[in-house]
Structure formats: C-alpha cells, structure tokens
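Visitor: Quick one: this structure, given as structure tokens, is what I'll be asking you about.
Numbering (the working numbering), first residue to last: 662 to 903.
Okay, structure coming up:
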C-alpha cells in the first residue's frame, strides 16, 4: 500500500552535525535536530480539527566512525549511531519530532574515486528500533561530480525498508513524518560550493519516488559545512535545514 502524508501538514528542520577527530581513523559524531511541524485546520469524521504548530527538539544522536585502511582510489568506513530518545511525541495530532525510542544504527560505506572530479559510493545499514517499532534496512548509492573549479553536484538514491517485525500498527491518519513500518525510495541532488577557507555551501532537494507513509513533496535542504584543524585533529560542523 502506498500512502503519502497529507499536503496540509508542513515540516521543517534545522540540523547541526558535528564531527571531532580522535585519531586518523576514529571520529566522534553528534547530530542535534530542531523540528518544526505545522498543520492547518481540517475536517475529520469527528468534525473540524484545529490547526497546530510545534517547534521542539528531535532525537539527539551520538556516533562513532571508524575509517578502514584505504588506497588511492578506494576508501570505506563503519559508522555507529545511538539515539538518546530526546524527541517529543505529540498525542493529539501525532506531529512527532522523532521516534524517541533510543534506536541504534550501524552503517558501512564504500567509496571509489578515480579522480577528484568524479566519485561513486554505496551505503548499507541496519536500524535496530525499540518501543515496538519495526527494525529497518537502509541502502544507498552516492555520486559526486565536479562541475567547475569549486562547484560540485552530489546525487544519491536511498532506500529505507521496514522489516515489519513488531506488533505495533501504524495509525493511518497520522500527519507526521515518523511512522512505524515506513518504507521509502527517494532520490536527492545537492549543489555544493567549496570555498578556500574549507567551508562548503550546500543547497538541494530530496524527492520521494514511492513507499508507504512517506512525505508527498520534495524536501528542500540548505546549509553549510566547515572544517578546521585543532592540534592536528580534524573537527567539522554541518548546519543544514530542510
């Protein structure tokens, strides 16, 4: 069954991504989202439902990345994420800001670069959910093409497949983005401008192709990344919104 979220519900987010290099192969990661949900008044079987706006924190996540030995053309890594379950659950209109289920994720990434002008990669991951939410398998294809001296376009296809291995059933009239048993195939493209000071300015979109309990319009992403060295260790921040 393919089902998309109501067009009367709007969603936006500001996400801070932080990475700190402990070693040449180890990085500590942090992801801190702020989520905005808004729904207009609408009619349901019980009558007119009032509109509502919510702006609260999403699921704060901490992670650890381990880079495997690489060659001049190939590189790969493992990344583990742990949710701290800080999202807010909205029991009235179900405009949740996350799952708040303390889920754990593990990803493997493999990248190939023949030159700096073109790279391709793939990801494979598993999301272990809690609170009776179904586990998920994630997969993706990634590519990056240099268009000009400092301008790149990054593209990717992403698949999220629910194993539907828990008894919790989705509520069909939910307006939010965080559904149990969600499945999503999406494509995204991002323009990235690389400045001399190490900053990347990004602007792009994510387009849903098909699935169940998914958003019905493209997600627009804008933001920047910044990398700098401190005592020979690499730090980076990534601030983006959608």
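Beta carbons: idealized from backbone N, C-alpha and C, even for Gly.
Can you name the start and end residues of the beta strand (DSSP E) that residue 819 belongs to?
Guide: Looking at the DSSP string, the run of the beta strand (DSSP E) that includes residue 819 is 812 to 823.
Visitor: Ends of the beta strand (DSSP E) at residue 701?
Guide: Taken as a continuous stretch (DSSP letters only), residue 701 belongs to no beta strand (DSSP E), as it is neither H nor E.
Visitor: Give me the residue from 788, 784, 682, 863 with the minimum Cα distance to residue 883.
Guide: Comparing Cα-Cα distances from residue 883 to each of 788, 784, 682, 863, the minimum goes to 863.
Visitor: Cutting at 6 Å between CB atoms, please list the residues of its own chain near residue 763, excluding the five before and the five after it.
Guide: For residue 763, where only same-chain residues beyond five positions count, the Cβ hits under 6 Å are 744, 746, 791.
Visitor: Going by DSSP, what residues sit across from residue 850 in a beta bridge?
Guide: Paired residue(s): 816, 866.
Visitor: DSSP beta-bridge partners for residue 799?
Guide: Beta-bridge pairing links residue 799 to 786, 821.
Visitor: Identify the residues that DSSP records as bridge partners of residue 804: which are they?
Guide: Looking at the DSSP assignment, residue 804 forms a beta bridge with 781, 816.
Visitor: Under 8 Å between the Cβ atoms of residue 714 and residue 699?
Guide: Yes. Within cutoff.
Visitor: Can you give the Cα-Cα distance for residue 756 and residue 749, rounded to whole angstroms?
Guide: If I take the Cα positions, the gap works out to 9 Å.
Visitor: Give me, in chain order, the residues of the same chain whose beta-carbon lies closer than 7 Å to that of residue 800; leave out the 5 immediate sequence neighbours on both sides.
Guide: Closer than 7 Å at the Cβ level, and outside the excluded window around residue 800, lie 784, 785, 820.
Visitor: Specify, as a first and last residue, the run of the beta strand (DSSP E) that residue 792 falls within.
Guide: Segment: none, residue 792 is in no beta strand (DSSP E) and carries neither H nor E.
Visitor: To the nearest angstrom, how far is it from the Cα of residue 670 to the Cα of residue 687?
Guide: Computed Cα separation, rounded: 40 Å.
Visitor: Beta strand (DSSP E) containing residue 736: first to last residue?
Guide: Start and end: 735 to 744.
Visitor: Buried or exposed: which applies to residue 809, given that a residue is buried once 16 or more other Cβ atoms fall within 10 Å of its Cβ?
Guide: The residue is exposed, with fewer than 16 neighbouring Cβ atoms inside 10 Å.
Visitor: Out of 778, 870, 685, 742, point me to the one whose CA is closest to residue 769's CA.
Guide: Residue 742 is the option with its Cα nearest to residue 769.
Visitor: In terms of residues, what are the limits of the beta strand (DSSP E) holding residue 747?
Guide: Taken as a continuous stretch (DSSP letters only), residue 747 belongs to no beta strand (DSSP E), as it is neither H nor E.
Visitor: With DSSP collapsed to three states, give me the class of residue 763.
Guide: Coil.
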